[in-house]
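Protein chains in written order, with the working numbering: chain A, 205 to 719; chain B, -6 to 480.
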């Protein structure tokens, strides 16, 4: 069978298969067992379909490193001029695969823990998958905005219906923060459309970089900030991160995994694709304070994580710290930094996703996230302890693990940009080892202090199936990063080139202003 | 020399003729039916009448019938056809959702359907009349039908209160309108919209009388569309009136009144309207959204939300009065608002229970558990009212605000966007109630009847259609815009 024939359809198929599956579940009878298996089947098929993307990427990748592969561009709505324009490059392709990779594990993780209204849960999960993939493939700003907003509703419902005690508060907070942020992005998108008559990312990029679309005075800055705010809330960048601990702690396991694994990446992806892609000059100019915020986030997130008595909150704050690295890498404007940032997005998806899965498994047994409730877990649950350790090491960036590659690249990018960035950010690496290892020590080592933990069953077959692939992948990504890095580096080079090509124009502008 | 009206003239009022005939037949048949016998058949007959009127409108939409008729009293164009369709669709959905509501509430009388039909006559005529006196008559036909309908749950005190308030304030407002018409006639010597437009636009010096007239007319119409500061009646009337009637009167006569406003704003003395409309738009948005946040009764909440939506529509007007850009946006908004609001009220009707007991926000707790389908549908309508993409409400807002931006109404746009952000709070609160709270009772949601299901499905399809494939409708509204602006 000639699989290359799939190329024009593959993105559409991958994106909408989960939504179609959700529709089917909606009309299926309310038998939880069947629905679970069906959802698993859909998500696995989606994963297999998405693997087509990297498999054939080398063959279809356009010669120009800034262009997109598997592109589809069809007119959809005439006024406003909206196109169904989708495509991926080396950056978004891997984020799509990350999404499709995590969802089957989310289905498995929810196998037993979701029993009330399971049908609705899997519908929401699959709709969410479609929306998340859509965010990464959309090349039309309107389409992008649609998918961006579309992730919001299922996620808010997942938190609000299936979460823990303070779920409603967390869901509403999550919704309002993201919604308010995205309103500003919408305003910027509409402004761009009103001036240029197009929502098309590629076209807009060309119009802005060639100077055809003039952005007078402070306009470019305002547009930059409009996009930036929406993405910064999502990342979340300090000081807009306060929704994150609540949302993470209250969400059910699958919700936390996708929130940390994919939704936060939508923010950093947006910063890279749209903020840097559309307004490179503004991105350069504003890099210092953005990097400052990122570094504050790295250190602050780590310090707050250190003192958390709640494991899930600890991991949530560690996300603030890790995502700070990603933002730092992007705004270092070096090839190494950006490569590392993209790689770190994938790493964080895997390691933090796995951490939340691990926490979910212990929660299923004890219904508690407090560190003080545990201790000495290595004795009753050796397999669990082993896997937790592998993931912990991946998260703190031990050499030979995936986290090392990402952090190393980001830090070398930061050092190239400015020595002080590198020094400050490097301290974050130490802190992360501190809080993660201390967590590990308190939970797994020592004697069992709480009798409730003495007879905890170790992981069963389903749970091992969930965790081993993630652990193995963390190792593989640390040993042979070239599998991922080749295509990532290619596209990052494209982004950097197009961002640098805008410099001369800016210089001319400043000269005229000075004169 | 007056020639008798031609056949084409009659075709230009064919939908109104069909509706009136059907309404009168319903009126005649009603007393012949024995007491206590179900009036469902009459309802279905009325629905068939509305479908026939839709057919007549589509027939009338052919190019050879476009133009003025009946001595320039009415005018058939894209614009009138569009509003006819809105009014008729709403009437159809309302009739369908009332089929089982009326017997359930023990108010099963045939006059109800006749009043819906006659109210639609008024609404339709308002959108095609271009003669102020005829507009006034159409306005009265539509209003009087709504007054009676508002009091249709006559055993309930709040329904009677609603009708009384609506009637007293409403007749006061129509008197303002009539007074304005008289003064405008005094100032320009004509009651024909186009003549007035020519006189006012061509005049070097405009008489102060004309300004007073415009203000009075605006007061009358402002009452009908429930925009601030003429909105005070809305929450009380919507709270007391039967839920399907609210579905009807919050959309159909309102759309028709907006149609009149568009005709007047565009054709007569546009610049003089600008600040009036600007202020009314801002006030309506703010009062509506702030008021809605405080409500605990769903009907009252949606009443305030309808004030806010009138405000968003006014934004389109403000841009229309400058450069005609907003007409198409306003038309699209009317259609989308009709679809989503009728849908929301259909579900409120379904939920309301005997004597409309369950209309508090608390009563919606856990609806997601009791009736997932109903909750999902209501969620969809609420999301559309917020303006989430892929719903009609999104494109409606999008067109309105981009029209405003293109006419450089930056502040109006900012206030509008902030307001729609604020508005999302109270819609979301209802969604949160439905999904994230436990139900207060274990009793399952009331059974869904075929008529109700059809009404909800109709609204759902329209809202979704406007949200996913707005091309066709937008194309049509732009055609109407060209017709009106280019005249």
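By construction, the Cβ of each residue, glycine as well, lies at the ideal position given by its N, Cα and C atoms.
Beta-carbon separation (whole angstroms), residue i vs residue j, contact threshold 8 Å
i                      : j                      : result
residue 660 of chain A : residue 584 of chain A : 5 Å
residue 452 of chain A : residue 540 of chain A : Not a contact, Cβ separation roughly 30 Å.
residue 681 of chain A : residue 606 of chain A : 4 Å
residue 294 of chain B : residue 285 of chain B : 5 Å
residue 427 of chain A : residue 483 of chain A : 6 Å
residue 389 of chain B : residue 428 of chain B : Rounded, the Cβ-Cβ distance is 25 Å, inconsistent with contact.
residue 460 of chain A : residue 560 of chain A : 4 Å
residue 67 of chain B  : residue 1 of chain B   : Contact flag wrong, Cβ pair sits at about 12 Å.
Among the options, the one whose alpha carbon lies nearest that of residue i
i                      : options                    : result
residue 203 of chain B : B:157, B:252, B:257        : B:257
residue 350 of chain A : B:399, B:477, B:380, B:427 : B:380
residue 378 of chain A : A:357, A:291, A:213        : A:357
residue 656 of chain A : A:570, A:286, A:683, A:456 : A:570
residue 207 of chain A : A:263, A:221, A:557, A:225 : A:263
residue 615 of chain A : A:606, A:673, A:628        : A:628
residue 392 of chain B : B:197, B:447, B:467        : B:467
residue 34 of chain B  : B:163, B:361, B:104        : B:104
residue 537 of chain A : A:440, A:618, A:441, A:311 : A:618
residue 504 of chain A : A:489, A:441, A:561        : A:441
residue 237 of chain A : A:321, A:363, A:298        : A:321
residue 510 of chain B : B:13, B:412, B:183, B:291  : Any property of residue 510 of chain B remains undetermined from this structure, which presents chain B solely from -6 to 480.
residue 336 of chain B : B:90, B:9, B:55            : B:90
residue 166 of chain B : B:220, B:200, B:269        : B:220
residue 434 of chain A : A:391, A:573, A:409        : A:391
residue 310 of chain B : B:332, B:270, B:131        : B:270
residue 463 of chain A : A:523, A:480, A:284, A:408 : A:523
residue 694 of chain A : A:217, A:368, A:265        : A:265
residue 625 of chain A : A:668, A:413, A:439, A:492 : A:492
residue 592 of chain A : A:608, A:635, A:454, A:646 : A:646
residue 40 of chain B  : B:133, B:172, B:12, B:273  : B:12
Residue(s) in a DSSP beta bridge with residue i
i                      : result
residue 122 of chain B : B:67
residue 106 of chain B : Residue 106 of chain B is not bridged to any residue.
residue 287 of chain A : A:279
residue 404 of chain A : A:344
residue 61 of chain B  : B:68
residue 514 of chain A : A:574
residue 438 of chain B : DSSP, once it has assigned bridges, lists no residue as partnering residue 438 of chain B.
residue 412 of chain B : Residue 412 of chain B is not bridged to any residue.
residue 268 of chain A : Paired residue(s): none; residue 268 of chain A is not in a bridge.
residue 353 of chain B : B:290
residue 185 of chain B : B:124
Proximity of residue i and residue j at Cβ, strictly below 8 Å
i                      : j                      : result
residue 400 of chain B : residue 321 of chain B : no
residue 400 of chain A : residue 380 of chain A : no
residue 495 of chain A : residue 547 of chain A : no
residue 430 of chain B : residue 359 of chain B : yes
residue 145 of chain B : residue 209 of chain B : no
residue 86 of chain B  : residue 452 of chain B : yes
residue 515 of chain A : residue 643 of chain A : yes
residue 233 of chain B : residue 155 of chain B : yes
residue 343 of chain A : residue 289 of chain A : yes
residue 303 of chain B : residue 120 of chain B : no
residue 362 of chain A : residue 374 of chain A : no
residue 424 of chain B : residue 375 of chain B : yes
(message) At a CB distance below 7 Å, what residues from the region 381 to 394 of chain A approach chain B? Give them in sequence order.
(response) 383, 384, 387, 391, 394
(request) May I ask you to list, following chain order, the residues of the region 358 to 369 of chain A that have a beta carbon less than 8 Å from some beta carbon of chain B? (result) 361, 364, 365
(request) Anything in the region 395 to 426 of chain B with a Cβ closer than 9 Å to a Cβ of chain A? List those residues in chain order, please. (result) 395, 398, 399, 406, 407, 410, 411, 413, 414, 417, 418, 421, 422, 424, 425
(request) Could you run through the region 82 to 103 of chain B and flag, in chain order, every residue whose CB is less than 9 Å away from some CB of chain A? (result) none
(request) Check distances from the C-beta atoms of the region 284 to 315 of chain B to those of chain A and list, in chain order, the residues that come in under 9 Å. (result) none
(request) Could you list the residues in the region 360 to 377 of chain B with a C-beta less than 8 Å from some C-beta on chain A, going in chain order? (result) 361, 362, 365, 376
(request) Identify each residue in the region 279 to 302 of chain A for which the Cβ-Cβ distance to at least one residue of chain B is less than 9 Å, and report them in chain order. (result) 280, 281, 282, 283, 284
(request) Could you name the residues of the region 445 to 477 of chain B whose beta carbon sits closer than 8 Å to any beta carbon of chain A, in the order they occur along the chain? (result) 462, 463, 464, 467, 468, 471
(request) Closer than 8 Å, Cβ to Cβ, to anything on chain A: give me those residues from the region 326 to 356 of chain B, in chain order. (result) none
(request) Mind checking the region 324 to 335 of chain A against chain B and listing, in chain order, the residues whose C-beta falls within less than 7 Å of any C-beta there? (result) 324
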